[in-house]
Amino acid sequence: MLGAIYAMVGVALTFGIGVLRFLNFSIPGLFMAGGMTTWALVNAGLPWPVAAAAALVVGALAALVVERFTWRWMRHAGPYVPLVSSMAFLLLFENLAVAHWGSDLRTMPRLFGSADWRIGGLVISLPQVVGLACAIGLIWCLSLLLRRTRIGRALRTIAEDSDTALLLGVDIHRLVPLVFVISGLFAAFAGLLFALNYRQVHPFMGEALGLKGISAMVIGGMGNIWGAIAGGLIIGLVEVLSIDAFGADFVDISVYGLLLAILILRPTGLFGGMPAEGARA
Amino acid sequence: MSGYLEGVLVVLAINTVLAYAAFLPMAAGQLNLGVAGFAAIGGYVSAYASNNAALAPVLAIPLGGLAAGFVALVVAVPVLRTRGIYLALATFALSQIVQSAILNLEVVGGAAGFPVTAYIRLPTVAAFAVGVFVLDVRAFQVAAFALGSLLAGIAGGLYAHHFNYIEAQYFNVSLGITAVLYVLLGGTQSVLGPLLGAAVFTLLPEALRVSAQWRYVLFAAIIIVAMALRPQGLVTGAQIRRLLGGAGAREQERAA
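See below:
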């Protein structure tokens, strides 16, 4: 399940990289915003579907704000500038959450009773299965959008070269916000899945998850959506195997060791991403 | 000098050293997001040396810096084969590995942290920071990555010996990112940029004493706006030349 959440955050990141060559560091913040909004509204007594919908809206709106202040201004600025601004947005979102809710770990009420299935000795919780199905469905819709529709074709043109796309009459100023909104929706959806499944949220919940999402993206190949999903599942698997083999203390060493090894030996990822030279930081 | 003022100035000096640690590789076109990991190596090595080998802090701190620089040299060959965003992410992964490794090292206290007995006051910290600044940092671009990491190690050693306590959690992602932010806010084109960036970053939150979280909110908003309006950073090479009124400035004005 955690693997699926890594995969969703990885997809949110890789979509921005793939189309805009822009590593959006605010995505962990959007993940947190999705999780904490869900918690806050459920806690205020609203039914969970309403809270979930609100979390998605918050994610999309926050992503639009990020677009206004990063990509729009800095498309032609130095290569590190949009990256830095998106990092500043992560700081901003985290500390707004701390200012509003405090920095404590918050616990969600148990929403789904004991909706577990038992198949032999295996316990599968129903919300996990539903969450996983939704994640796969969303990712599938995204890949359909990219391959089959006019918007998808336009986005792939922007991915090739945004200036050429502009010359060819692609409406960049409408499509780029769309990329951010889709990324924001994925991040917020991952956040609300996390909140509903693990029932614990706090303002810095995005950092660890976001870093795993980045690892998922790199391992699968930057810009490659199915690669990010495979990367997320691989990281989930490495974590479980590493806990079995060396104990819980070595989880991060294993995951980031794998990331470093991939970056050095095969920077385009296991499943092919964009060429190393073309990537701007 | 009041304890508060000394505290602020010590943090300023350490942050300045960190800013140059990020600036050196960046001036050579490498984005190092792993400054925190090298600061951790320097902090822990120097703390271990002064605690367990009774080495004086003024020797232990450079030793920590050398250790960080050495680790950087060893990993530089494979890591520098990557470029652009891949290099940034590789340095970042390295920093995460260092942090998790320290969390599991019982000799230095693991997750509980590591008290440091030797204490250094502001003058020592400031002397190191000035030393870093006086070096003409641009002269060393060839080994920028390793030298930057050496500086990060020194910053870690200064921190350990002034605050007398270090823990792996201090050397986290945010530390590495803020070091890069110092440089980018100040500007990458001039040697003075990182100094100004570190000063603004350290003193502005102190000046904006609202409540801790709102300080950071305001601070993040300032970075975003500053980057939008002035992506080249606060100071540029051309401004410095104009300010000093050298021949270069006149030439440039004629050209413009």
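Top line first, the protein sequences correspond to chains G and L. Residues in the first sequence are numbered consecutively from 0, following numbering that gives the first Met the number 0. Residues in the second sequence are numbered consecutively from 0, following numbering that gives the first Met the number 0. We put the CB at the ideal spot given by N, CA and C, even for glycine.
| Are the C-beta of I84(L) and some C-beta of chain G separated by less than 9 Å? | Chain G places a beta carbon closer than 9 Å to that of I84(L), counting this residue as a contact.
| request: Would you list, in sequence order, the uninterrupted alpha helix (DSSP H) runs of no fewer than 4 residues that lie entirely inside the stretch 243-276 of chain G? | output: Complete alpha helix (DSSP H) runs here, min 4: 250-264.
| How would you call L228(L), buried or exposed, if buried means at least 16 neighbouring beta carbons within 10 angstroms? | Per the 10 Å Cβ criterion, exposed.
| field | Cβ-Cβ distance between F21(G) and I181(G) below 9 Å | value | No, they are not a contact pair.
| Residues in the stretch 208-222 of chain G with C-beta within 8 Å of chain L's C-beta atoms, listed in sequence order? | Answer in chain order: L210, I213, S214, V217 and M221.
| said: I want to see whether chain G comes within less than 9 Å of P230(L), judged by CB atoms only; does it? | reply: Yes, its Cβ sits closer than 9 Å to a Cβ of chain G.
| said: For a quick check, are the C-beta atoms of R105(G) and Q199(G) less than 9 Å apart? | reply: The answer is yes: Cβ separation under 9 Å.
| field | C-beta atoms of T267(G) and G220(G) nearer than 9 Å | value | Between T267(G) and G220(G), the C-beta gap is smaller than 9 Å, which places the two residues in contact.
| said: Under 9 Å, Cβ to Cβ, is there at least one residue of chain G near T81(L)? | reply: At least one beta carbon of chain G lies nearer than 9 Å to the beta carbon of T81(L).
| Are the C-beta atoms of I238(L) and some chain G residue less than 9 Å apart? | The question names Ile, but residue 238(L) in the sequence shown is Gln. Not one chain G Cβ lies under 9 Å of Q238(L).
| task | Quick one: measure Cβ to Cβ for G33(G) and V57(G), integer angstroms, because I've assumed they're closer than 8 Å. | result | 7 Å between Cβ atoms; contact.
| If we count the other Cβ atoms within 10 Å of its Cβ and call it buried at 16 or more, is L194(L) buried or exposed? | Buried, by the Cβ-count rule.
| Checking contacts by CB at 9 Å: is G256(G) closer than that to chain L? | At least one CB atom of chain L sits nearer than 9 Å to the CB of G256(G).
| request: Identify whether F203(G) lies in helix, strand or coil by the three-state DSSP scheme. | output: Coil, per DSSP.
| query | Do the CB positions of Y19(L) and L262(G) come within less than 9 Å of each other? | reply | No.
| said: So, at 6 Å on beta carbons, what are the nonlocal neighbours of F170(L) in its own chain, with the 5 sequence-adjacent residues on each side left out? | reply: Setting aside the 5 residues that flank it on each side, F170(L) is surrounded in the same chain by A35, A38, A39 and Q98, each with a C-beta closer than 6 Å to its C-beta; the list follows chain order.
| query | Residues in its own chain within less than 6 Å of L30(L) by CB, not counting five upstream and five downstream? | reply | Same-chain partners within the cutoff: A87.
| request: Using a Cβ cut-off of 9 Å (strictly closer), state whether P77(L) contacts chain G. | output: Cβ-Cβ to chain G under 9 Å: yes for P77(L).
| Closest to L192(G) by CA distance: which of L89(G), S214(G), A54(G) and W100(G) is it? | Closest option to L192(G), Cα to Cα, is A54(G).
| query | Of the residues D248(G), L269(G), F30(G) and L144(G), which one's Cα is nearest the Cα of E105(L)? | reply | Here the closest residue by C-alpha is D248(G).
| Any beta-carbon of chain G closer than 9 Å to the one on F170(L)? | So no, F170(L) is outside the interface.
| request: Alpha carbon to alpha carbon, how far is V83(G) from V199(L)? Give it in angstroms, no decimals. | output: Using only the alpha carbons, I get a separation of about 16 Å.
| query | Along the stretch 80-103 of chain G, what residues have a CB closer than 7 Å to any CB found in chain L? | reply | Within the stretch 80-103 of chain G, the qualifying residues are V80, V83, S84, M86, A87, F88, L90, L91, N94, L95, V97 and A98.
| task | Would you mind telling me which residues of chain L sit closer than 8 Å to I263(G), beta carbon to beta carbon, in chain order? | result | From the beta-carbon of I263(G), the residues of chain L found nearer than 8 Å are P77, V78, R80, T81 and A89.
| request: Determine the burial state of A197(L): buried for a count of at least 16 other Cβ atoms within 10 Å of its Cβ, exposed for fewer. | output: Buried, since its Cβ has 16 or more Cβ neighbours within 10 Å.
| field | Inter-residue Cα distance where the pair is V224(L) and G186(L) | value | So the alpha carbons of these two residues sit roughly 15 Å apart.
| request: Please decide whether F188(G) counts as near chain L, where near means a Cβ-Cβ distance under 9 Å. | output: Using a CB distance cut-off of 9 Å, F188(G) does not count as an interface residue toward chain L.
| query | Roughly how many angstroms separate the alpha carbons of L8(L) and G42(L), rounded to a whole number? | reply | Rounded to the nearest whole angstrom, the C-alpha separation of L8(L) and G42(L) is 19 Å.
| said: Short of 8 Å in beta carbon distance, which residues of its chain neighbour L203(L), apart from the five on each side in sequence? Order them along the chain. | reply: Contacts found: F218 and I221.
| For D160(G) and chain B, any beta-carbon pair shorter than 9 Å? | Here chain B cannot be found, since the structure's protein chains are G and L.
| How many whole angstroms separate the CB atoms of I239(L) and V124(L), which I take to be in contact at a CB cut-off of 8 Å? | Actually they do not touch by this definition, with Cβ atoms about 27 Å apart.
| query | Are three or more beta carbon pairs between the stretch 108-121 of chain L and the stretch 148-167 of chain L nearer than 8 Å? | reply | A contact exists between the stretch 108-121 of chain L and the stretch 148-167 of chain L.
| said: Under 8 Å: do the stretch 141-153 of chain L and the stretch 59-72 of chain L share three or more Cβ pairs, one atom per stretch? | reply: Result yes; three or more Cβ-Cβ pairs closer than 8 Å.
| request: Verify whether the separation of the beta carbon atoms of P202(G) and S102(G) is less than 9 Å. | output: Cβ distance < 9 Å, so P202(G) and S102(G) count as in contact.
| query | Quick one: what does DSSP say R105(G) is sitting in, helix, strand or coil? | reply | Strand.
| query | So, are the CB atoms of F91(L) and G33(L) less than 9 Å apart? | reply | Yes, Cβ-Cβ distance for F91(L) and G33(L) is below 9 Å.
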